[in-house]
Amino acid sequence: MIFGVIGVGSMGRNHVRVLTEIKKVEDVVIYDVNRNQAEEIAEKYDARIANSVGELLKEVDAVCICSPTKFHFQHASECLEAGKHILVEKPISSSYDEGKKLLELLKSHRDLVFGVGHIERFNPIV
Numbered sequence: 315m316i317f318g319v320i321g322v323g324s325m326g327r328n329h330v331r332v333l334t335e336i337k338k339v340e341d342v343v344i345y346d347v348n349r350n351q352a353e354e355i356a357e358k359y360d361a362r363i364a365n366s367v368g369e370l371l372k373e374v375d376a377v378c379i380c381s382p383t384k385f386h387f388q389h390a391s392e393c394l395e396a397g398k399h400i401l402v403e404k405p406i407s408s409s410y411d412e413g414k415k416l417l418e419l420l421k422s423h424r425d426l427v428f429g430v431g432h433i434e435r436f437n438p439i440v
């Protein structure tokens, strides 16, 4: 499986690190508007860089969306329309209306896996 990571800031770089350690992940393709940051992460974890979200979507099977929250709806919509499985960092979107639209869009993509990264949800201490 080939994974894409959109946004390689603090959370995105963790996703890239973990994905490159999973044996069943063949390759990781990253995109970030900050090209220098993308190059740094790509070199550190032997990932490939896409020049756009559209380019990334042509190369991957699944996507981790780690971009700033205000872009979650846009990126998730693009990924769904491209037929990609998605893990989006919390929150799912920046507004109730966008979240509702995204859930409606998901209804026409029931064959895809869509998850929101609530990493502390199952932490017994919380």
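Numbering (the working numbering), first residue to last: 315 to 440.
Ideal placement from N, C-alpha and C gives every residue a C-beta, glycine not left out.
Does DSSP classify residue i as helix, strand or coil?
i      : result
Asp411 : helix
Val319 : strand
Val430 : strand
With distances taken between CB atoms, is the gap from residue i to residue j smaller than 9 Å?
i      : j      : result
Arg327 : Asp341 : no
Val402 : Ala390 : yes
Ile344 : Ala364 : yes
Gly431 : Lys404 : yes
Leu371 : Ala352 : no
Leu426 : Ile400 : yes
Cys380 : Met315 : no
Pro382 : Gly323 : yes
Leu419 : Cys378 : no
Assuming residue i contacts residue j (C-beta within less than 8 Å), just tell me the rounded distance between them.
i      : j      : result
His386 : Ser408 : 7 Å
Which residue wins for smallest C-alpha separation from residue i, given the options the options?
i      : options                        : result
Ile320 : Glu418, Ile336, Ala356         : Ala356
Leu394 : Val367, His329, Val330         : Val367
Glu369 : Tyr359, Lys414, Phe317, Val339 : Phe317
Ile336 : Tyr359, Lys415, Thr383         : Tyr359
Tyr410 : Glu392, Ile433, Lys384         : Lys384
Glu412 : Gln388, Lys421, Ile433         : Gln388
Arg331 : Asn350, Glu392, Glu354         : Glu354
Val339 : His329, Ile406, Val347, Asn348 : His329
- Unbroken alpha helix (DSSP H) runs of length 4 or more, entirely within the region 324-364: which are they? 324-335, 349-359
- Task: Only counting runs of 4 or more residues, tell me where the alpha helix (DSSP H) segments fall wholly within the region 371-400, in order along the chain.
- Result: 386-395
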